[in-house]
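Structure, as structure tokens:
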Amino acid sequence: MKRILVTGGAGFIGNHLCRRLLNEGNYVICLDNFFTGLKRHIEDMLDNPNFELIEHDIVEPVDIEVDQIYNMACPASPPHYQYDPVKTMKTSVLGIINMLELAKKYKATLLHASTSEVYGNPLVHPQQESYWGNVNPIGIRSCYDEGKRAAETLMMDYHRQYGVDIRIIRIFNTYGPNMDPKDGRVVSNCIVQAINGDDITIYGDGSQTRSFCYVSDLVAGAIKMMNNDKGFIGPVNLGNPSERTVLNLAEIVLEMTGSKSKITYKDLPSDDPVKRKPDITKAQEILGWKPEVDIKDGLKKTIEYFKSIQ
Ligand code: NAD
Ligand code: UDP
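Those letters in the sequence shown? Residues 324 to 633, per our numbering, in order.
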């Protein structure tokens, strides 16, 4: 039985990860400051003797003896990470230093949740891990993008300088049940608006693309990366290469919910990436991982979830 720390374990991806690690027979410590995480997403695990909840902020050091750390803590939705950009940067930079120190002390393996945002508004398409990105260092998304880039730098430097065992995953847009309906991301917004009969808000003309990955696929990829025995530290892209426009996503949600909601167009936020699609060759060849869940199957489960919490 491994002792595994999941920071951000009460968040969207974190709660799915905790549940799966628990089901696989591990002792799971969920650490969260509940900035965007929700107690109801981890409630079903609280009585499990192999599950522990620690309310803590990763900006502050912590001392827990563990074998593995998944560092998921960081608000991921643009409205949330832009709410207190200085805090977002601290969470990425001070947070990863605290986790790296912990991994160094206990010789634990640390997997860090990085993001496709390290590619910024990419000039290479699809994005391969070798691409260095096109990131605005002073814009409204920079607190997140540059924070995540700095965290990757610190991961690599602790690895080279102190031999810390690391894994870097770059997560592309992920969706599924247990997203917060108020999270502000496009999948949750579209579904909640469609269910309530409210206008569907499309930012810009909706021609920007994203590639949406269902959460169980993402979690499976993260666990494979953590436990790979090939000495592969990454970075590795984890996402679903099936690319579509944001407008097309809205149309699918409208069709699947049978909603009469109208589409309305709002201003496109600055630095919103025009295109995004992962090249997952590395994940396929080295980890033997690829996503299995088709967009309609994933959306069906996500729509059912949002209906169930209405
Ligand atoms: P989320 O906002 O749902 O979850 C983040 C969790 O971290 C929340 O429970 C929050 O309370 C917690 N948290 C935030 N700051 C903290 C701090 N300082 N100390 C302790 N806990 C803190 O986001 P998510 O979608 O679950 O994303 C999880 C991770 O994956 C994040 O690091 C995010 O950057 C990364 N990621 C997610 C996506 C995606 O599409 N969901 C894409 C790329 C990267
Ligand atoms: N978006 C949208 N309507 C919404 C929320 C988001 O059109 O209600 C757009 C957003 O501008 C971006 C895309 O959908 O182009 C994905 O946004 P999200 O916040 O989900 O993730 P991002 O990839 O921008 O981090």
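Glycine included, C-beta positions come from ideal geometry on N, C-alpha and C.
If you draw a straight line from the alpha carbon of P558 to that of S530, how long is it in whole angstroms?
-> Working through the sequence shown from its first residue, we reach residue 558 at position 235. Working through the sequence shown from its first residue, we reach residue 530 at position 207. If you take the alpha carbons of P558 and S530, they lie about 29 Å apart.
Might you give, ordered along the chain, the residues of its own chain that have their beta carbon closer than 8 Å to the beta carbon of V416, omitting 5 neighbours on each side?
-> Taking the sequence shown and counting its residues from 1, the one referred to as residue 416 is at position 93. Excluding positions up to five away in sequence, the list reads G470, A473, A474 and L477.
List in chain order: all unbroken alpha helix (DSSP H) runs of 4+ residues lying wholly within the segment 497-568.
-> 509-519 and 538-550
For the ligand NAD, is there a heavy atom less than 8 Å away from the beta-carbon of F629?
-> Here the question's residue 629 lines up with position 306 in the sequence shown. Checking every heavy atom of the ligand NAD against the Cβ of F629, none is found closer than 8 Å.
Within 9 Å, strictly: CB atoms of F335 and G499 | Here residue 335 refers to the residue found at position 12 when the sequence shown is read from its first residue. Here residue 499 refers to the residue found at position 176 when the sequence shown is read from its first residue. Yes; because the gap between Cβ atoms is below 9 Å, this pair is in contact.
Tell me, please, whether the segment 595-603 touches the segment 436-449 by the rule of three or more beta-carbon pairs shorter than 8 Å.
-> yes
Following the continuous alpha helix (DSSP H) through D468, name the residue where it begins and the one where it ends.
-> The sequence position of residue 468 within the sequence shown is 145, counting from 1. First-last of the alpha helix (DSSP H) with D468: S465 to Y485.
C-alpha distance - D503 paired with P398, whole-angstrom precision = Taking the first residue of the sequence shown as position 1, residue 503 is located at position 180. Taking the first residue of the sequence shown as position 1, residue 398 is located at position 75. C-alpha separation (whole angstroms): 12 Å.
Output the boundary residues of the alpha helix (DSSP H) element that contains H339.
-> Against the sequence shown, residue 339 aligns to sequence position 16. Residues F335 to N346.
Please specify which runs of the beta strand (DSSP E), each continuous and at least 3 residues long, are wholly inside the segment 581-610, giving them in chain order.
-> 586-589
Classification of N349 by the beta-carbon crowding that lies within 10 angstroms, buried from 16 upward | Sequence index remark: in the sequence shown, residue 349 carries index 26 (1-based). With 16 or more Cβ atoms within 10 Å of its Cβ, N349 is classed as buried.
What residues match up with E378 in a beta bridge as DSSP calls it?
-> Within the sequence shown, residue 378 is the residue found at index 55, counting from 1. Answer by DSSP bridge pairing, in chain order: D355.
R490: beta carbon under 8 Å from a heavy atom of the ligand NAD?
-> For the purposes of this step, residue 490 is identified with residue 167 of the sequence shown, where counting begins at 1. Outside the cutoff, so no.
When the distance is taken between beta carbons, is L433 closer than 9 Å to V487?
-> Stepping through the sequence shown from its first residue, residue 487 is reached at position 164. Stepping through the sequence shown from its first residue, residue 433 is reached at position 110. Yes, Cβ-Cβ distance for V487 and L433 is below 9 Å.
Hey, would you say P384 sits closer than 9 Å to E424, going by beta carbons?
-> The count along the sequence shown starts at 1 and reaches residue 384 at position 61. The count along the sequence shown starts at 1 and reaches residue 424 at position 101. Yes, the Cβ-Cβ distance between P384 and E424 is below 9 Å.
H403 - containing alpha helix (DSSP H), residue span = As a working note, residue 403 is residue 80 in the sequence shown. Its alpha helix (DSSP H) spans residues P401 to Y404.
Contact under 9 Å by Cβ, I491 with I387 = Position 168 of the sequence shown, counted from the first residue, corresponds to residue 491. Position 64 of the sequence shown, counted from the first residue, corresponds to residue 387. Contact: no.
By Cβ distance below 8 Å, which residues in the same chain neighbour H482 in space, the five residues on each side in sequence not counted?
-> Sequence index remark: in the sequence shown, residue 482 carries index 159 (1-based). Same-chain partners within the cutoff: D488, I489 and I556.
C-alpha gap between L344 and K624, whole angstroms | As a working mapping, residue 344 is identified with position 21 in the sequence shown. As a working mapping, residue 624 is identified with position 301 in the sequence shown. If I take the Cα positions, the gap works out to 21 Å.
Measuring CA to CA, which of Y485, H379 and N459 is closest to K428?
-> Residue mapping note: residue 428 aligns to position 105 of the sequence shown, counting from 1. Of Y485, H379 and N459, the residue nearest in Cα terms is Y485.
In the structure shown, what three-state DSSP assignment does D620 receive?
-> Walking along the sequence shown from the start, residue 620 turns up at place 297. Three-state result, D620: helix.
M422 and I392 look like a contact to me (Cβ under 8 Å); what is the Cβ gap, rounded to whole Å?
-> For the purposes of this step, residue 422 is taken as the residue at position 99 of the sequence shown. For the purposes of this step, residue 392 is taken as the residue at position 69 of the sequence shown. Yes, M422 and I392 are in contact; Cβ-Cβ is about 6 Å, under 8 Å.
Under 8 Å from any heavy atom of the ligand UDP, does the C-beta of D595 make it?
-> Here residue 595 is taken as the residue at index 272 of the sequence shown, counted from 1. Yes, the ligand UDP has a heavy atom inside 8 Å of this Cβ.
Taking just the CA atoms, how far does N496 sit from T587?
-> What you label residue 587 is simply residue 264 of the sequence shown in a count that begins at 1. What you label residue 496 is simply residue 173 of the sequence shown in a count that begins at 1. Distance between the alpha carbons of T587 and N496 is about 22 Å.
Between the Cα of G462 and those of W612, P401, V569 and I419, spot the shortest distance and give me the residue it belongs to.
-> Within the sequence shown, residue 462 is the residue found at index 139, counting from 1. Nearest of W612, P401, V569 and I419 to G462, Cα basis: P401.
Which whole-angstrom value is the C-beta distance of P564 and K619, which I expect to be below 8 Å?
-> For the purposes of this step, residue 564 is taken as the residue at position 241 of the sequence shown. For the purposes of this step, residue 619 is taken as the residue at position 296 of the sequence shown. The Cβ separation is near 16 Å, so there is no contact.
Out of curiosity, what's the CA-to-CA distance linking F513 and V576?
-> For the purposes of this step, residue 513 is identified with residue 190 of the sequence shown, where counting begins at 1. For the purposes of this step, residue 576 is identified with residue 253 of the sequence shown, where counting begins at 1. Looking at the sequence itself, residue 513 is Cys, so the reference to Phe does not match. Taking the straight line from one Cα to the other gives about 7 Å.
Please work out which residues of its chain come closer than 8 Å, Cβ to Cβ, to A426, disregarding the five sequence neighbours upstream and downstream, and give them in chain order.
-> Within the sequence shown, numbered from 1, the residue matching residue 426 stands at position 103. Counting only Cβ-Cβ distances below 8 Å, and skipping sequence neighbours, we find I392, T432, L433, Y481, V487, D488 and I489.
Taking L328 as the reference, give the member of L591, E452, H403 and I546 with the closest Cα.
-> Sequence index remark: in the sequence shown, residue 328 carries index 5 (1-based). The residue with the shortest Cα to Cα distance from L328 is I546.
Since A436 sits in a beta bridge, which residues does DSSP pair it with?
-> Taking the first residue of the sequence shown as position 1, residue 436 is located at position 113. Paired residue(s): I492.
Bounding residues of the alpha helix (DSSP H) (the contiguous stretch that carries N421) | Counted from its first residue, the sequence shown places residue 421 at position 98. From DSSP, the alpha helix (DSSP H) with N421 extends over P408 to Y429.
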